[in-house]
Every structure is written in C-alpha cells, then in structure tokens.
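A.B. asks: Residue numbers (our numbering): 278 to 410.
Don't be surprised by glycine CBs; every beta carbon is placed ideally from N, CA and C.
What follows is a structure written as structure tokens; I'll ask about it next.
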Ligand code: MN
C-alpha cells in the first residue's frame, strides 16, 4: 500500500484556526487523515501567535471568531515577516456573492463555504500542500 506521507522527514504542518469545537474536531480529523501534522487555535489572536511559533505550511482560518476575527488575523499575518507568505484558506459561512473576492483581496489563497464538505476541504488543502511533489 502506498503511504500517504511521501516524505515523513518533511511532514507538512497545518494550523487550523476555528472557535467552534465541533468544526475544529471535524477539520482536525480530516486534515490529520491526510498525514499532515495538525495544530489548532481557537481565535485569530492565538492563530497569529501560533503561526509565528510553528510556521505552518498551510493555515485554515475561520472568519467569525471571538477576540480576533479571521480577516483581522489575516491582515496581521500579511504584515508579519516570516509568516506573510504562508498560504491561508478561509473557512466561512458568508456564502454571499462578492465575499470570495473580498477575501481574496485580503490575501486568502482560497475560500471554503460552510458547512464544509469533506472532499472540498481535502481538495483545497492538497492543492496548496501537494503542488510541486
Ligand atoms: Mn466561528
């Protein structure tokens, strides 16, 4: 059987920033099943702090969160050397037309509408993490 982790020495790290425990548990399960190392934060402020510590290969960012929302956290990341180039995917229930463009303007590389479908999350994460392999 082919291993999911092609190169365990370079295991990719994914930081999930999400305040809803049920969503967080689900996203951790899905991303973890792909063989990535998973970290989690419960709000934008914690997310930015952890991003600086871990320097993940991908960040999944909820938008509506207490303490610091995902857009503000994204603006902080973009203004911080060392983490500003980490790809960040927005996870949001804002499904209105025009929001995708607004999120992309803030620098998010992609957008996943909630409720998040497992295959959408896997495809979006792999698109960022497996390119060039
Ligand atoms: Mn939320």
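In chain order, which beta strand (DSSP E) runs of at least 3 residues are fully inside the segment 304–360?
C.D. replies: 314–318, 335–339
A.B. asks: Closest to residue 288 by CA distance: which of 310, 367, 359 is it?
C.D. replies: 310
A.B. asks: Closer than 8 Å to a non-hydrogen atom of the ligand MN - does that hold for the CB of residue 322?
C.D. replies: The answer is no for residue 322.
A.B. asks: Given a cut-off of 9 Å, decide if residue 365 and residue 354 are closer than it, judged by their beta-carbon atoms.
C.D. replies: Less than 9 Å separates the beta-carbon of residue 354 from that of residue 365.
A.B. asks: Cα separation between residue 279 and residue 404?
C.D. replies: Reliability of the predicted coordinates at residue 279 is poor, the pLDDT of 49 falling under 50, and no value is obtained from them.
A.B. asks: Name the residue from 358, 387, 322 whose alpha carbon lies nearest to the alpha carbon of residue 369.
C.D. replies: 387
A.B. asks: Among residues of its own chain, excluding the 5 on either side of residue 393, which ones have a beta-carbon nearer than 8 Å to its beta-carbon?
C.D. replies: 300, 303, 304, 368
A.B. asks: Can you find the residues in the same chain that come closer than 6 Å, C-beta to C-beta, to residue 350, ignoring five residues on each side of it along the sequence?
C.D. replies: If we look at residue 350 and ignore the five residues flanking it on each side, its Cβ neighbours are 321, 324, 325.
A.B. asks: Please report the straight-line C-alpha distance between residue 295 and residue 408, rounded to a whole angstrom.
C.D. replies: Between the alpha carbons of residue 295 and residue 408 lies a distance of about 25 Å.
A.B. asks: May I ask you to report which of helix, strand or coil DSSP gives residue 366?
C.D. replies: strand
A.B. asks: Return the Cβ separation of residue 328 and residue 381 in integer angstroms, given the expectation that the two are a contact with Cβ distance under 8 Å.
C.D. replies: Wrong, their Cβ atoms sit about 19 Å apart, outside the cutoff.
A.B. asks: Any heavy atom of the ligand MN closer than 8 Å to the CB of residue 298?
C.D. replies: no
A.B. asks: If you draw a straight line from the alpha carbon of residue 334 to that of residue 399, how long is it in whole angstroms?
C.D. replies: Put simply, the backbone Cα of residue 334 is about 15 Å away from that of residue 399.
A.B. asks: DSSP three-state call for residue 386: helix, strand or coil?
C.D. replies: DSSP, read as helix, strand or coil, puts residue 386 in coil.
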